[in-house]
Amino acid sequence: VEGGGLQVGKILSEGVLHIGYGGRELRIESDFEVLCGSGNNTQWAHVTDQASSESFANGKVLEAGYEESNEALFVTICSHTDGSLQVGKTQRGWKNSQIGGYFVLLSE
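For my numbering, count along the sequence shown from 1 and bump the result up by 1.
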């Protein structure tokens, strides 16, 4: 996103990147990067707003981008009501995750 840093998003089957930015879900059709890896050294952990600062301090988060202000962005996932997993982003001090164009509160 021009002037918007390096954003965290997801690629769907049509090969288009979807990112939450500015309260909307944007579709990016070209000129994006994809973070790849085996996932063997990664596991998802349940995090609440009480645990988030501890998780950041202990390096238990996956940094994958940054805002225009250079504030680091970290990958999140959540379960949607339709059973799918949705990718989003958070940053230090947030008590939510931006999934698409929406902010989802972190809770138990």
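We put the CB at the ideal spot given by N, CA and C, even for glycine.
Check: Tell me the rounded alpha-carbon separation between residue 90 and residue 39.; Outcome: 20 angstroms
Check: So for residue 46, helix, strand or coil by DSSP?; Outcome: coil
Check: To which residues does DSSP link residue 25 through a beta bridge?; Outcome: 22
Check: Please report the residue range of the beta strand (DSSP E) in which residue 1 lies.; Outcome: Residue 1 lies beyond the residue range present for the chain, which begins at 2 and ends at 109; the question has no answer from this structure.
Check: Starting from the C-beta of residue 29, find all residues in its chain whose C-beta is less than 6 angstroms away, skip the five residues before and the five after it, and write them out in chain order.; Outcome: 18
Check: Going along the chain, which residues of its own chain have a beta-carbon closer than 6 angstroms to the beta-carbon of residue 27, five neighbours each way excluded?; Outcome: 20
Check: Do you know whose CA, among 88, 8, 100, lies nearest residue 32's CA?; Outcome: 8
Check: Return the Cβ separation of residue 78 and residue 62 in integer angstroms, given the expectation that the two are a contact with Cβ distance under 8 angstroms.; Outcome: The pair is not a contact, with the Cβ atoms about 12 angstroms apart (cut-off 8 angstroms).
Check: Between the C-alpha atoms of residue 72 and residue 5, what's the straight-line distance to the nearest angstrom?; Outcome: 11 angstroms
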